[in-house]
Amino acid sequence: MTGASSAAGWRSSARMNKVYNKGVALFEPSNRGLLCKVVVGFVCFLVVAWYVWDFLTFWYFAGENHFVLPPYIDRPKHYWSQHAIMHTLRATILTFTHGSDHSYKFAQKYFEEQKPFFIQSAKEFQLHPAFAGVSVEISPSFYDMVAARMTNLRSNWDKYHWDDFKIEKDKCVALSFISNNSFPHSRSLGIWTDASLLLDMLPQVLASNTKWPLFLKTCHLTAGADNSVFRPPLSSLEDYNDRKEKLATFVWEKWNQRSNDYERSWSADANVLTATLQPGFILQTPASFTLELKIEVIWGRVYVLFVDGSEGHTITRDGLMQFYHQGTWKEDWLNQHSAAPSELEWIVQEGHHLRCIELAEKFARTVGIDEIRVDIFIKKGFPMAAMVNEDSISSGGQYRSHFSPIAEIWAMGHRDRLYKIKSTNVPAYAAATDVEYRIPRYGGGVDYATMSADSQPYLVTESQFQDLSLIHI
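So the sequence shown is numbered by this note's numbering: it starts at 417 and just counts up by one.
So this is what it looks like as structure tokens:
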């Protein structure tokens, strides 16, 4: 037994020495090929390990409170889901399963019916100089158009310090525009551009307030992933006293945070613009509403409305409702709509869509913007009680079978240069046609109804616009 054990031990030691010698021999000239394989394998392992780590932890370092996909997955997913290639594939499948009676056929028919009206609207539209000169591809997707807009806005910022992107990217500016033009909205109690001053003043402001709850929002964070609203909202002065330490933590975290629209293909330009924003907060009173409609306006005319939180339940200008059941192959993945449920019919029956069209079109024309999404609260039984909530110039909305037609309607105005240049020398957000009230401002800064001190003058005539060769088409 002893001899057998010794022999076994000798063979094990020999194998270990062989492995050890082989490892050392990796550096011998005769084993350079093996060395290269080991190095390549190790590098591949590090790359895979990094991607796994990033995949699992991105949500945390991005400041999210739930798991989200990292940009190298999420951005292509968003982009290609709305691209014409994917819509063509969906339409082809629906042609086999539903014949000619499917959503994409309807969307194309609706597009053809509406196109002449949008051409005429574009010809009559007074476009603010800041939104002119967008470079348009031959057949752009909606995301391509948003990206082209952001590139143009960044170019304007670099060349002229025009900051018209604030009409959405700065909530304080957007809400000031809404109040300066008397759009119905939830009144704001104040804007603060000094975090310490905000925390010092809050007890006094809340003590005199009579309408609850109150929403504290960050002005400089507007991307959906920014978590820019203090939640739950403040329900009373006692609630504030119970949570004031948590609120102070929120204020300082958001004060130092900058917007990162990492999900979208236009983030490279958009993030540069939002990084220039002055941090700020706005305190807003509540709105009484049943749901929110998001209205897509192009060349001053509404194309389609959709119900917020519904993954794309759409309403056309003429009141046709298209419903999509979430998580279903036919409706959610192929975009084949069904009839709207009876519990949503009141939106059209009571004429809420008509009131929203009126407000959204007035909003877009006052700004002088080629495309914008206007979000409006509506209350069942009270169509005239609609209130403007916010807007978006880089919508991530789910337009489903209407994605490509919307992109084309938007693109054709630039491609064919249909619009007129608005004669103005102030930013798009500085329009003040009917001032209802001035939102109190604390902490200093530039008045939102005037242009920035370092901004170069806007073009005031059509000939000046053409002379500066801003058109890139």
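Here a beta-carbon is modelled for each residue, glycine too, at the ideal position from N, C-alpha and C.
Element boundaries [alpha helix (DSSP H), containing residue i]
i: Gly606; result: Where Gly606 is concerned, there is no enclosing alpha helix (DSSP H), although the beta strand (DSSP E) it sits in stretches over Ser604 to Trp608.
i: Pro799; result: No alpha helix (DSSP H) contains Pro799, which is instead part of the beta strand (DSSP E) from Phe798 to Ser808.
i: Gln536; result: Ser519 to Glu540
i: Glu824; result: Phe819 to Arg831
i: Leu707; result: Element bounds for Leu707: not the alpha helix (DSSP H) but the beta strand (DSSP E), Leu707 to Ile714.
i: Leu663; result: Leu653 to Asn672
i: Gln620; result: Ala611 to Ala623
i: Ile594; result: Lys587 to Asn596
i: Leu462; result: Arg448 to Phe477
Which listed residue (the options) has its alpha carbon closest to that of residue i
i: Phe534; options: Ala846, Ala548, Ala827 and Gly606; result: Ala827
i: Ile489; options: His503, Leu505 and Leu472; result: Leu472
i: Gln498; options: Ser820, Asp791 and Pro702; result: Ser820
i: Asp734; options: Trp496, Val562 and Val718; result: Val718
i: Phe666; options: Asp677, Asp642 and Arg680; result: Asp642
i: Lys493; options: Tyr467, Ser681 and Val463; result: Ser681
i: Ser366; options: Ile711, Met617 and Leu462; result: Only positions 417 to 889 of the chain appear in this structure, which leaves residue 366 out of reach.
i: Ala639; options: Arg854, Phe541 and Arg674; result: Arg674
i: Glu759; options: Ile855, Leu770 and Gly797; result: Gly797
i: Leu709; options: Val842, Arg771 and Asp560; result: Arg771
i: Val552; options: His830, Gly784, Ser839 and Ile788; result: His830
i: His503; options: Asn841, Ile788, Ile822 and Leu750; result: Leu750
i: Met561; options: Tyr845, Val589, Leu543 and Ile822; result: Ile822
i: Asn672; options: Thr690, Asp574 and Val455; result: Thr690
Nearest-angstrom Cα separation, counted from residue j out to residue i
i: Ala755; j: Gly716; result: 28 Å
i: Leu886; j: Ile809; result: Since pLDDT at Leu886 reaches only 46, below the 50 mark, its modelled position is unreliable, and the value read off the structure follows with that caveat. About 20 Å.
i: Gly549; j: Asp786; result: 11 Å
i: Lys746; j: Thr513; result: 10 Å
i: Asp883; j: Pro873; result: Residue confidence for Asp883 is low, a pLDDT of 49 falling below 50, so the modelled location carries little weight and cannot support an answer.
i: Thr849; j: Asn596; result: 7 Å
i: Glu824; j: Glu774; result: 23 Å
i: Arg894; j: Ala684; result: Lying outside 417 to 889, the shown extent of the chain, residue 894 is not represented and no answer is given.
i: Phe474; j: Leu632; result: 27 Å
i: Val464; j: Phe458; result: 10 Å
i: Arg565; j: Tyr520; result: 26 Å
i: His518; j: Lys453; result: 54 Å
i: Arg816; j: Ile509; result: 15 Å
i: Met432; j: Asp748; result: Any reading at Met432 must be qualified, since the residue scores a pLDDT of 47, below 50, and its modelled position is unreliable; the value itself is stated next. Taking the straight line joining both Cα atoms gives about 60 Å.
i: Trp668; j: Ser592; result: 23 Å
i: Leu451; j: Pro445; result: 10 Å
i: Phe547; j: Ala563; result: 13 Å
i: Pro532; j: Asn572; result: 31 Å
i: Ile889; j: Arg833; result: Unreliable placement is indicated for Ile889, whose pLDDT of 36 sits below 50; no coordinate value is reported for it.
i: Glu661; j: Asp655; result: 11 Å
i: Ser644; j: Thr634; result: 5 Å
i: Glu852; j: Ile594; result: 9 Å
i: Phe477; j: Asp677; result: 14 Å
i: Pro695; j: Ser652; result: 26 Å
i: Gly860; j: Thr567; result: 30 Å
i: Val621; j: Ile698; result: 12 Å
i: Ser557; j: Ala500; result: 7 Å
i: Tyr526; j: Cys460; result: 51 Å
i: Asp470; j: Glu584; result: 31 Å
Where the beta strand (DSSP E) containing residue i begins and where it ends
i: Thr634; result: Phe631 to Thr634
i: Tyr719; result: Arg717 to Val723
i: Phe558; result: From DSSP, Phe558 is part of no beta strand (DSSP E) but of the alpha helix (DSSP H) over Phe558 to Tyr576.
i: Glu787; result: Glu787 to Lys795
i: Leu689; result: Here Leu689 belongs to no beta strand (DSSP E); instead the alpha helix (DSSP H) covers Ser683 to Thr690.
i: Gln694; result: Premise fails: Gln694 is in no beta strand (DSSP E) and is neither H nor E.
Residues near residue i by beta carbon distance below 6 Å, same chain, minus five either side
i: Met803; result: Pro600, His601, Ala703 and Phe793
i: Gln738; result: Thr730 and His753
i: Tyr576; result: Gln872
i: Phe541; result: Trp715, Gly716 and Tyr835
i: Pro487; result: Tyr678
i: Glu766; result: Pro799
i: Ala686; result: Met566 and Asp677
Chain-order list of residues whose beta-carbon lies under 7 Å from that of residue i (same chain, five-residue window excluded)
i: Val688; result: Arg570
i: Leu707; result: Val723, Asp724 and Ile794
i: Gly439; result: Bear in mind that the predicted position of Gly439 carries a pLDDT of just 48, short of 50, making it unreliable; the figure below should be weighed with that in mind. Around Gly439: no qualifying Cβ.
i: Arg603; result: Thr701
i: Phe646; result: Leu632, Leu663 and Phe666
i: Asp586; result: Cys635, His636 and Leu693
i: Pro649; result: Pro629, Leu630 and Phe631
i: Phe483; result: Trp475
Residues near residue i by beta carbon distance below 8 Å, same chain, minus five either side
i: Val764; result: Ile731, Gly735 and Met737
i: Tyr858; result: Gly606, Ile607, Trp608, Thr609, Asp610, Leu613, Leu614 and Met617
i: Lys838; result: Gln542, Leu543, His544, Pro545 and Gly784
Counting only runs of 4+ residues fully inside the stretch 731-770, write out the alpha helix (DSSP H) ranges in chain order. 762-765
Which complete alpha helix (DSSP H) runs does the stretch 482-506 hold, if anything under 4 residues is left out? Runs of the alpha helix (DSSP H) inside the stretch 482-506: 487-497.
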